[in-house]
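Residue numbers (the numbering used here), protein chains in the order written: chain A, 189 to 398; chain B, 189 to 398; chain C, 2 to 226; chain D, 2 to 226; chain E, 16 to 242.
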Ligand code: HEM
Ligand SMILES: Nc1ncnc2c1ncn2[C@@H]1O[C@H](COP(=O)(O)OP(=O)(O)OP(=O)(O)O)[C@@H](O)[C@H]1O
Ligand SMILES: Nc1ncnc2c1ncn2[C@@H]1O[C@H](COP(=O)(O)OP(=O)(O)OP(=O)(O)O)[C@@H](O)[C@H]1O
Ligand SMILES: [Mg+2]
Ligand SMILES: [Mg+2]
């Protein structure tokens, strides 16, 4: 199986539960070691290359946040870890973008599910990565945030960021222009583009019960 | 604020993140103690009445599963805890219903997100409750399971079970006939029925950014 | 469902989770032996003889092994919100309390059952009838502090740093049984007749009754959110 | 980013998480006090004098307080997958190791800093210059076993029953420093000149160098999935 | 790639070696009981030597090999080294159990005590416990890659720990000697005893090879089935 992603491209991974979408995402960013084959980001293996890791913005099933710290403290830490300058301004800007307002100084442990997800999204974006890998990023978001996040994806795509997204929310994401890959039993079985009408795509690929 | 739910009724709680939907659900089943007012299930407070608790099937943001046990072991425990008879058959039947097949004897820790969610749904249903309270139950489900779960809700509604659902997935749930309540700042601000076309409902209630 | 049935169902589940890995029991036993070894070496052999230290080491090790295993019991309920499932089940709070208590006690007693022979071996204790009395003392003491530990663990697991909070709270309650245990064990191993320690046994029995009852009364308060 | 900067950023974050709750430090200190007290009681006063036990109690307490706090360090990274964030950050594995090591060491030393005066108080130890040497020994010993503990905790936190598994593996590594520490402390408190313990200091220094280096070499193997 | 067939034949070979080795060991024990001379001071109790000392030696050797295989695994990332380490650790623990039961059984009549806190005994006890921890940790990790790397780390650290424990325990004891210190260093055995002793050592080594081969084959087969 090969999946090559170029700057500014949008790739959507879909498929039944347990088909291996999350596993592919984690392999791609270097969180798992492939048994065969390699993962490359800008020509380097993210498992060994710090500069390759700097390019990646990953958001998985877990929030990667410290529950005892506030959103601001969490993001400040992420910013420092990436060696960013002007930390306060950067953190404030990204939180504004996801409309996290009064909640930014409350310990993450006490936030509602949707706010935790928003802060987790901020964390994956704070260092302005060139490759976003997001696994079910829309989980728990309300309609307004969902629109905002999709707008944000459009904006970064226009800036030349490559985006790989795992999701079951096809209707919401179909408005983004890009490729869709159906994952089954650990590999890509079928690819199409979001130019295909969604109904047509669903007809072509009748999702089996695995 | 009052929300009264009768047998066979479907109630959908929607609203922006942090508006208090989960809090209302937890108050309703007796997991939180209300500052004022009371929660009643079949006339009794579920905090003190065992027979009231027996009627409730609750699924929150967490799976309530033991990660080291398999789905079968988890459900067997839930069944025993509810004093059910014919445990093996009951467990097998509910797992079949959610199409959990080979995964039923793998420790929950190793299941994919969607399968964990399916098993969690099974757990909330195993004792055939008369009131289902589900908080974002569609999280992580693939299209096929989502259809199956919605079909299941229709089936239990027809059997006279009352269903209260918190979700952001309006389009998917709009096909169920029932009432929709918009929660804002901890209270129900607006109610409608799913007979209203979704677009119309969205126009009536322009979700504010909170 | 009766409280007893509920308690047994919950205790059986706990043991099943233990068995799913079997790691817990082995770890607890190895931990206990390691503590024995560390204690033995953390003394100046010219100054403190082994026999004199033996009762203290036995009791401190036994108590530590108990503390270390208690956290686990509620951590397992907390991890993915399983406690919500217990709270919403049609069983009383006392079924949860006694279920957890039974599983914890079974666990602590198993560890002690392995610990005692090793203690005899390493500390070169004579194999006499008084060992049976020592075993009885260990069981009696465990019955009390496991009850307190069950209540405390239920509370502290909700705080962050549960592993730290539990010993902090529990250690105060461990002082009386450990103290009594050490005194009585010293007499018994010194060859004094068992009749001499009857007062202490009565003390431990009262301690047990008081704290098992108190735990049962207080436990519901630890569950309510 | 240099390894040192990365390490400092991570250590600073760890301390910030501690401060956010402050529970950890308070609990560790209370824990240490309680262990002191228990030891104090778990002896037959007629047989064992307090002064003779003092060095053992100091060292065992210090080591246990260390073990108990180490789990916390990686549990915090595990809770919501924060470790993934560290692994994907543009810092080397050694930055993570040294960051965690520094934070853990700072933590254990703070606990010791509170423990030592209490020890002096409880055990009625004379305030002489040798106390400074004892403090130095505690620091030297902690520097070594915290390095080992950091590597072990990074692994055990990913196993089931982490709270038990860490002490099981770590205790064997505690034997050399605790043994040497007790011996040296006994001499020092007995009024012997500091020159007599130079051999032991050298031993601890070698232990530190070997295990800090080994930890640094082995740590990456604990991180890669 | 090894096939299932090869695993089966490996296991079969291991079982054969074990069977032959056990027969040989039985012969050696018979020889020890019937033919070897009875020691003058210790009496028949001394015959435990033939059971105890080789078991102890094999156990330590097994742990040493775990450490070496662990280091090899981290460099070569060859899963076979991990499987070998696992096998050797388990067999080492089995021999360790023999050592720790026969040792005290022997100590009781000759030292008058089950146990002495003496450097070598302490070191072996700590090592056995550390490897109980090693094995327990293995059972508590699901992912085979994690399991291999984590156990390799512990295996290496155990190897490095040995000299430190030895030195510290020695410092401890030599400065304040125990009233009765008995060092079980090899007395110069008379030839009749030495002959049986060497035969016993050889038989034990064969048992080690048989056990490890079998266990290794089982481990390889389990790994192949899991993937
Ligand atoms: C109590 C528990 C005991 C343990 C844990 C123990 C442990 C060991 C170990 C680890 C060895 C192998 C040493 C090596 O290969 O370097 C060994 C060898 C030996 N042991 Fe023991 N031992 C115990 C009791 C005894 C007793 C009571 C005796 C005899 C009085 C004894 C006599 C020997 C002899 C003669 C050897 C072989 C010679 C040698 O290699 O030095 N052991 N034992
Ligand atoms: N930690 C793990 N250990 C072992 N197997 C795992 C682990 N995580 C996932 N798996 C297995 O790998 C397969 C793929 O899982 P993965 O999480 O990639 O699925 P997914 O496509 O993301 O599914 P979902 O839509 O449910 O999130 C599944 O069979 C699952 O059981
Ligand atoms: N454990 C808690 N402690 C304190 N405050 C909390 C806690 N959980 C939630 N809150 C607060 O209660 C309010 C309502 O939260 P709730 O979780 O009910 O929102 P929600 O409507 O379910 O949101 P979402 O759609 O994000 O799940 C929020 O302001 C939140 O910050
Ligand atoms: Mg997934
Ligand atoms: Mg919610």
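Where a beta carbon is used, it is the ideal one built from N, C-alpha and C, also for glycine.
1) When every heavy atom of ligand 6 is checked, does at least one fall within less than 7 Å of the C-beta of residue 355(B)?
2) Checking 8 Å against the spacing of the C-beta atoms, do residue 248(B) and residue 214(B) come in under that value?
3) Pull up the distance between the alpha-carbon of residue 34(C) and that of residue 177(C), whole angstroms please.
4) Residue 123(C) touches chain F at which residues, Cβ-Cβ below 9 Å?
5) The beta strand (DSSP E) that contains residue 176(D), what's its start and end?
6) With respect to 7 Å, is the separation between the Cβ of residue 323(B) and the closest non-hydrogen atom of ligand 5 below this value?
7) For residue 298(A), is the classification buried or exposed, using 16 other Cβ atoms within 10 angstroms of its Cβ as the cut-off for buried?
8) Three or more C-beta pairs closer than 8 Å, one from the stretch 58 to 66 of chain E and one from the stretch 94 to 109 of chain E: is that the case here?
9) So is residue 355(B) in contact with chain A if we call contact Cβ pairs under 8 Å?
10) So does residue 223(B) have its beta carbon nearer than 7 Å to some heavy atom of ligand 5?
11) Where does residue 206(B) sit, in a helix, a strand or coil, going by DSSP?
12) Please classify residue 301(B): is it buried, with 16 or more other beta-carbons within 10 angstroms of its beta-carbon, or exposed?
13) Identify whether residue 3(C) lies in helix, strand or coil by the three-state DSSP scheme.
14) Considering Cα atoms alone, identify which of 279(A), 365(A), 351(A) is closest to residue 258(A).
15) Which term fits residue 194(A), buried or exposed, when burial requires 16 or more other beta carbons within 10 angstroms of its beta carbon?
16) Tell me whether residue 132(E) sits in a helix, a strand or coil according to DSSP, three-state version.
17) Taking 7 Å as the cut-off, is the C-beta of residue 249(B) nearer than that to any heavy atom in ligand 5?
18) Return yes when at least one heavy atom of ligand 4 lies under 7 Å from the C-beta of residue 301(B), else no.
19) Indicate whether residue 18(C) and residue 284(B) have their beta-carbon atoms separated by less than 8 Å.
20) Is residue 210(B) near ligand 5, in the sense that its beta carbon is under 7 Å from a heavy atom of that ligand?
21) Entirely within the stretch 191 to 245 of chain B and at least 4 residues each: give me those alpha helix (DSSP H) ranges in chain order.
22) Between the Cα of residue 83(D) and the Cα atoms of 277(A), 318(A), 252(A), 227(A), which residue gives the shortest distance?
23) I'd like to know if residue 199(E) contacts chain C, where contact means its C-beta is closer than 8 Å to some C-beta of that chain.
24) Between residue 4(D) and chain E, is any beta-carbon pair separated by less than 8 Å?
25) Considering only the alpha carbon of each residue, which of 39(C), 53(C), 75(C), 187(C) lies closest to residue 220(C)?
26) Residues bridged to residue 99(E) by DSSP?
27) Taking 8 Å as the cut-off, decide whether the C-beta atoms of residue 24(E) and residue 100(E) are in contact.
28) What is the C-beta distance between residue 156(E) and residue 160(D), in whole angstroms, given that I count them as a contact (C-beta under 8 Å)?
29) Kindly indicate which three-state DSSP category residue 58(E) falls into: helix, strand or coil?
30) Is there a C-beta anywhere in chain C that falls below 8 Å from the one on residue 242(B)?
31) How would you write the range of the alpha helix (DSSP H) that residue 282(A) sits in, first residue to last?
32) With three or more beta-carbon pairs closer than 8 Å as the criterion, would you say the stretch 51 to 64 of chain C touches the stretch 90 to 104 of chain C?
33) At a Cβ threshold of 8 Å, is residue 178(E) touching chain C?
34) Between the stretch 213 to 233 of chain E and the stretch 19 to 35 of chain E, do at least 3 Cβ pairs fall closer than 8 Å?
35) Pull the bridge partners of residue 369(B) from the DSSP assignment, please.
36) By DSSP, does residue 206(E) sit in helix, in strand, or in coil?
The relevant details are as follows:
1) Among the ligands present in this structure, namely ligand 1, ligand 2, ligand 3, ligand 4 and ligand 5, ligand 6 is not found.
2) yes
3) 23 Å
4) Among the protein chains in the structure shown, which are A, B, C, D and E, there is no chain F.
5) Taken as a continuous stretch (DSSP letters only), residue 176(D) belongs to no beta strand (DSSP E), being part of the alpha helix (DSSP H) at 163 to 190.
6) yes
7) exposed
8) no
9) no
10) no
11) coil
12) buried
13) coil
14) 279(A)
15) exposed
16) coil
17) yes
18) yes
19) no
20) yes
21) 209 to 217, 238 to 242
22) 252(A)
23) Caution is warranted here: a pLDDT of 46 is assigned to residue 199(E), below 50, making its placement in the model unreliable, and the coordinate value is therefore given only provisionally. No, because no Cβ of chain C sits closer than 8 Å to the Cβ of residue 199(E).
24) no
25) 75(C)
26) For residue 99(E), which the question treats as bridged, DSSP gives no partner whatsoever.
27) no
28) 5 Å
29) strand
30) yes
31) 275 to 285
32) no
33) no
34) yes
35) 201(B), 379(B)
36) helix
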